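Residue numbers (our numbering): 3 to 141.
Listed below in structure tokens is the structure:
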């Protein structure tokens, strides 16, 4: 599978991106969880890596949601867990520096910055390499 997603998985990925960009963190979290459940227990290492990335992105979305609600300590904890998850992913054998077009090191650093700075928003970090689907309707 590598970084290839089947059409159903791609729709979920793109929908989560649209929601995340629009500031709908909770909804992005819910959409990506559907995709994550299909990947997290796969026997294929490439799919396991994608599942770990998705878990961190689900945490990112949840952290943004918590922060928007003014629940800063919860957001910080979730951002920290997401950064730790990306760090663990980076340490795995054969883990590429980019997954689904996202630069893992930049994502980890941006998550750590979000955990320490209540104003940092990983969605606006150009180093991550977000590819926002422009042709998909927002929420």
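We treat Cβ as the ideally placed atom computed from N, Cα and C, and that holds for glycine.
Keep in mind that this is a model prediction, so the values were computed, not measured.
**Asked** Which residue from 7, 44 and 102 puts its Cα closest to that of residue 59?
**Response** Numbered from 1 along the chain shown, position 57 holds the residue referred to as residue 59. Considering only alpha carbons, the answer is 102.
**Item:** Contact set for residue 66: own chain, Cβ-Cβ below 7 Å, skip 5 residues either direction
**Value:** Position 64 of the chain shown, counting from 1, holds the residue named residue 66. Once the five neighbours on either side are set aside, the close Cβ partners of residue 66 are 27.
**Item:** Entirely enclosed alpha helix (DSSP H) segments - the region 60-119, minimum 4 residues
**Value:** 74-93 and 106-118
**Asked** Who are the Cβ neighbours of residue 82 in its own chain at under 6 Å, not counting the five residues just before and after it?
**Response** The residue given as residue 82 occupies position 80 in the chain shown. Excluding sequence neighbours, residue 82 sits near 117.
**Prompt:** Excluding five sequence neighbours on each side, which residues of the same chain lie with their C-beta closer than 8 Å to the C-beta of residue 123?
**Reply:** Indexing the chain shown from 1 puts residue 123 at position 121. Around residue 123: 66 and 116.
**Prompt:** How is residue 122 classed by DSSP in three states: helix, strand or coil?
**Reply:** Locating residue 122 in the chain shown gives position 120, counting from the first residue. DSSP places residue 122 outside both helix and strand once states are collapsed to three, so it counts as coil.
**Request:** Can you give me the Cβ contacts of residue 138 inside the same chain, cut-off strictly under 6 Å, excluding the 5 residues immediately before and after it?
**Result:** Here the question's residue 138 lines up with position 136 in the chain shown. Low local confidence applies: a pLDDT of 47 at residue 138 is under 50, so the model's placement there is unreliable, and no value is given.
**Message:** I'd like the list of long-range same chain contacts for residue 89, defined as Cβ closer than 6 Å, with 5 residues on each side in sequence excluded.
**Reply:** Here residue 89 refers to the residue found at position 87 when the chain shown is read from its first residue. Excluding residues within five positions, the ones whose Cβ falls inside 6 Å are 110.
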